[in-house]
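Since the structure comes first, as structure tokens, the remarks are kept for the end.
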Amino acid sequence: MCEQNFRKMEDIATVDLKEKIAELPERGFLDMEIDPTLDLFEEIQKLKKEKNAVLLAHYYQDADIQDIADYIGDSLQLAQYAEKTDADLIVFAGVHFMAETAKILNPEKKVVLPDFHAGCSLADSCLPGPFAEFKAKYPDHVVLSYINCSAEIKALSDYIVTSSSAETILNTLPADQKIIFAPDRNLGAYLSKKLNRNMVLWNGSCIVHEIFSLEKITNLKEKHPNAKIISHPECEEAVLNISDYIGSTSNLLKYTISDDATEFIVATETGIIHKMMQASPDKTFIPAPPNNACACNDCPFMKMNTLEKIYLCLKYELPEITIDETLRLKAKKSIDRMMEISAQAGIK
Ligand code: 13P
Ligand code: SF4
Numbered sequence: 063m064c065e066q067n068f069r070k071m072e073d074i075a076t077v078d079l080k081e082k083i084a085e086l087p088e089r090g091f092l093d094m095e096i097d098p099t100l101d102l103f104e105e106i107q108k109l110k111k112e113k114n115a116v117l118l119a120h121y122y123q124d125a126d127i128q129d130i131a132d133y134i135g136d137s138l139q140l141a142q143y144a145e146k147t148d149a150d151l152i153v154f155a156g157v158h159f160m161a162e163t164a165k166i167l168n169p170e171k172k173v174v175l176p177d178f179h180a181g182c183s184l185a186d187s188c189l190p191g192p193f194a195e196f197k198a199k200y201p202d203h204v205v206l207s208y209i210n211c212s213a214e215i216k217a218l219s220d221y222i223v224t225s226s227s228a229e230t231i232l233n234t235l236p237a238d239q240k241i242i243f244a245p246d247r248n249l250g251a252y253l254s255k256k257l258n259r260n261m262v263l264w265n266g267s268c269i270v271h272e273i274f275s276l277e278k279i280t281n282l283k284e285k286h287p288n289a290k291i292i293s294h295p296e297c298e299e300a301v302l303n304i305s306d307y308i309g310s311t312s313n314l315l316k317y318t319i320s321d322d323a324t325e326f327i328v329a330t331e332t333g334i335i336h337k338m339m340q341a342s343p344d345k346t347f348i349p350a351p352p353n354n355a356c357a358c359n360d361c362p363f364m365k366m367n368t369l370e371k372i373y374l375c376l377k378y379e380l381p382e383i384t385i386d387e388t389l390r391l392k393a394k395k396s397i398d399r400m401m402e403i404s405a406q407a408g409i410k
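All residue numbers for the sequence shown refer to our numbering, where the first residue is 63 and numbers rise by one.
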């Protein structure tokens, strides 16, 4: 190719990239064409090496993303990994609050999220203005917030918790300590009942865990009487009441490995079943059905990530998570408390 033509192509590419960057706030990702002959697995591995990048994936990601990730975990494990990694670039195959938490813990690293619009119904349910008003009504309460919330809510909280650390953190507080729990009313109600603690609950919920059908799960159990029902505490009380085991994503995985049962009805996001099957290939995992026409339950936000978007965000290092430094430091305090208590308790 002559030099002039090459220059023209470079200009087109630059203009196109500029346009795509301008579209980012609305589009959420760099909506660019990818050469269909590229082997994305290979390209992603190559880029990771070149850029000293690490790909972190939540258990709810598609199987191919889990398979190419450097580290897979639940919310706490991902935060712990993000805090200690020596990579220069963190690509977070999860949702916005997870990547934001990684940035809060690791301000000197570049953190990118394949799709900026990968949000969370829990985080969306709890906005800083209304939450500050709610908090002001209970001045003598300590605020525990589930990690599924924005940096602004973290900054208004005393402790951040995840589903695997919440019980331990609650147990460090005096029995008569008054508590606000936000934003998940189902996790809050579960903890309140289990630990016999009266808590004021914010009225948020996870759209994925809230729509399991009790009737369909009961029907499945009749067909598979030896199957154990396992569920995430973000599920509604009626589903938790018929469950043999309730736990965070990583604890559900551990349970399926250690328990003698060979069949499990899994009431959480279906992505985790990939890991469960890999860990216990001789066991059967049946996704608990939601109360709609689908057979299984995918988180629409988690599933916004694709190999294509991961490739593009690794290549162009966009969309990038940025955070105001004053807000970051305020939000970090409540996350640090969780990280310290979890480390002391050996939760990982
Ligand atoms: P964990 O990964 O902490 O169990 O949380 C589940 C979840 O819904 C993440 O968004
Ligand atoms: Fe949020 Fe629920 Fe999706 Fe987790 S599964 S990211 S809590 S909407």
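Glycine included, every Cβ here is placed at the ideal spot set by N, Cα and C.
Cβ distance (whole Å) where CYS188 is taken to contact ILE215 below 8 Å:
Position 126 of the sequence shown, counting from 1, holds the residue named residue 188. Position 153 of the sequence shown, counting from 1, holds the residue named residue 215. Right, the Cβ-Cβ distance comes to about 5 Å (below 8 Å), so this counts as a contact.
Taking 9 Å as the cut-off, decide whether the C-beta atoms of LEU79 and TYR378 are in contact.
The residue you call residue 79 lines up with position 17 of the sequence shown. The residue you call residue 378 lines up with position 316 of the sequence shown. Yes, they are a contact pair.
Please report the Cβ distance between TYR200 and VAL223, rounded to the nearest whole angstrom; I am assuming they are in contact, meaning their Cβ atoms lie under 8 Å.
Position 138 of the sequence shown holds residue 200. Position 161 of the sequence shown holds residue 223. Actually they are not in contact, since the Cβ atoms of TYR200 and VAL223 sit about 18 Å apart, beyond 8 Å.
Roughly how many angstroms separate the alpha carbons of LEU140 and LYS172, rounded to a whole number?
Position 78 of the sequence shown holds residue 140. Position 110 of the sequence shown holds residue 172. The alpha-carbon atoms of LEU140 and LYS172 are separated by roughly 16 Å.
Distance, SER320 Cα to ASP466 Cα
Outside the modelled stretch of the chain, which goes from 63 to 410, sits residue 466, for which no answer is possible.
For MET94, three-class secondary structure by DSSP:
In the sequence shown, the residue the question calls residue 94 occupies position 32. DSSP places MET94 in coil when its eight states are reduced to three.
Is ILE403 close to the ligand 13P? I mean its beta-carbon at under 8 Å from any heavy atom of the ligand.
The residue you call residue 403 lines up with position 341 of the sequence shown. False, no ligand heavy atom lies under 8 Å from that Cβ.
With DSSP collapsed to three states, give me the class of PHE243.
Stepping through the sequence shown from its first residue, residue 243 is reached at position 181. PHE243 falls in the strand class under three-state DSSP.
Could you please give me the residues that DSSP links to VAL116 through a beta bridge?
Here residue 116 is taken as the residue at index 54 of the sequence shown, counted from 1. VAL116 pairs with ILE152.
Rounded to a whole number of angstroms, what is the C-alpha to C-alpha distance between LEU138 and LEU314?
Position 76 of the sequence shown, counted from the first residue, corresponds to residue 138. Position 252 of the sequence shown, counted from the first residue, corresponds to residue 314. Each residue's Cα considered, the two are about 14 Å apart.
Consider the C-beta atom of CYS182 and the heavy atoms of the ligand SF4; say whether any pair is separated by less than 8 Å.
The count along the sequence shown starts at 1 and reaches residue 182 at position 120. Because some heavy atom of the ligand SF4 lies under 8 Å away, the Cβ of CYS182 counts as near it: yes.
Would you check if the distance between the CB atom of LEU389 and the CB atom of ILE83 is smaller than 9 Å?
In the sequence shown, the residue the question calls residue 389 occupies position 327. In the sequence shown, the residue the question calls residue 83 occupies position 21. Not in contact: LEU389 and ILE83 (Cβ atoms no closer than 9 Å).
Considering Cα atoms alone, identify which of PHE154, ASP344 and TYR121 is closest to GLU382.
Along the sequence shown, one-based indexing puts residue 382 at 320. Looking at the Cα atoms, PHE154 is the closest of the given residues.
Look at the alpha carbon of ILE409 and the alpha carbon of ILE231, and state the distance between them as a whole number of angstroms.
The residue given as residue 409 occupies position 347 in the sequence shown. The residue given as residue 231 occupies position 169 in the sequence shown. Their backbone Cα atoms lie some 11 Å apart in a straight line.
Only counting the same chain, and skipping five residues up and downstream in sequence, which positions put a Cβ closer than 6 Å to that of THR147?
In the sequence shown, counting from the first residue as 1, residue 147 sits at position 85. If we look at THR147 and ignore the five residues flanking it on each side, its Cβ neighbours are VAL116.
Going by beta-carbon coordinates alone, are PHE326 and THR311 separated by less than 9 Å?
Numbered from 1 along the sequence shown, position 264 holds the residue referred to as residue 326. Numbered from 1 along the sequence shown, position 249 holds the residue referred to as residue 311. No.
Suppose you measure from the CA of PRO87 to the CA of GLU81; what does that come to, to the nearest Å?
Against the sequence shown, residue 87 aligns to sequence position 25. Against the sequence shown, residue 81 aligns to sequence position 19. The straight-line gap from Cα to Cα measures roughly 12 Å.
Our contact map puts MET94 next to LEU374 with C-beta atoms below 8 Å; I'd like the distance itself, whole angstroms only.
Taking the first residue of the sequence shown as 1, we reach residue 94 at position 32. Taking the first residue of the sequence shown as 1, we reach residue 374 at position 312. Yes, MET94 and LEU374 are in contact; Cβ-Cβ is about 6 Å, under 8 Å.
Taking 8 Å as the cut-off, is the C-beta of ASN265 nearer than that to any heavy atom in the ligand SF4?
Within the sequence shown, the letter at position 203 stands for residue 265. For the ligand SF4, not one heavy atom lies less than 8 Å from the Cβ of ASN265.
Whether ILE241 touches LEU235 by CB criterion (9 Å)
Position 179 of the sequence shown, counting from 1, holds the residue named residue 241. Position 173 of the sequence shown, counting from 1, holds the residue named residue 235. For ILE241 and LEU235, yes; Cβs fall inside 9 Å.
Per DSSP, what are the beta-bridge partners of LEU206 in this structure?
Looking up residue 206 in the sequence shown gives position 144. LEU206 pairs with TYR221 and PHE243.
Got a sec: does the ligand 13P put a non-hydrogen atom nearer than 8 Å to the Cβ of HIS179?
Numbered from 1 along the sequence shown, position 117 holds the residue referred to as residue 179. Because no heavy atom of the ligand 13P lies under 8 Å away, the Cβ of HIS179 does not count as near it: no.
Would the C-beta of TYR122 count as close to the ligand SF4, meaning under 8 Å from any of its heavy atoms?
Taking the first residue of the sequence shown as position 1, residue 122 is located at position 60. Correct: TYR122 has its Cβ closer than 8 Å to the ligand SF4.
Between the alpha carbons of THR330 and ASP97, how many angstroms are there, rounded?
The sequence position of residue 330 within the sequence shown is 268, counting from 1. The sequence position of residue 97 within the sequence shown is 35, counting from 1. Cα to Cα, THR330 sits roughly 36 Å from ASP97.
Whole-number beta carbon distance between MET366 and ASP177, since they are thought to touch under 8 Å:
On the sequence shown, residue 177 is found 115 positions in, with the first residue counted as 1. On the sequence shown, residue 366 is found 304 positions in, with the first residue counted as 1. Contact holds; Cβ gap of about 4 Å.
Please enumerate, following chain order, all residues with a beta carbon closer than 5 Å to at least one heavy atom belonging to the ligand 13P.
ASP136, SER137, THR224, SER225, SER310 and THR311
Any non-hydrogen atom of the ligand SF4 within 8 Å of ASN210 CB:
By one-based count along the sequence shown, residue 210 stands at place 148. Answer for ASN210: yes, Cβ within range of the ligand SF4.
Leaving out five residues on either side along the sequence, give the residues of the same chain with a beta carbon under 7 Å from the beta carbon of HIS336.
Taking the sequence shown and counting its residues from 1, the one referred to as residue 336 is at position 274. So the list reads ALA125 and GLN128, once near-sequence residues are dropped.
Locate the beta strand (DSSP E) running through PRO349, then write down its first and last residues.
Here residue 349 corresponds to residue number 287 of the sequence shown, with the count starting at 1. From DSSP, the beta strand (DSSP E) with PRO349 extends over 346-349.
Cβ-heavy atom distance between VAL270 and the ligand SF4 below 8 Å?
As a position in the sequence shown, residue 270 is number 208, starting the count at 1. Checking every heavy atom of the ligand SF4 against the Cβ of VAL270, one is found closer than 8 Å.
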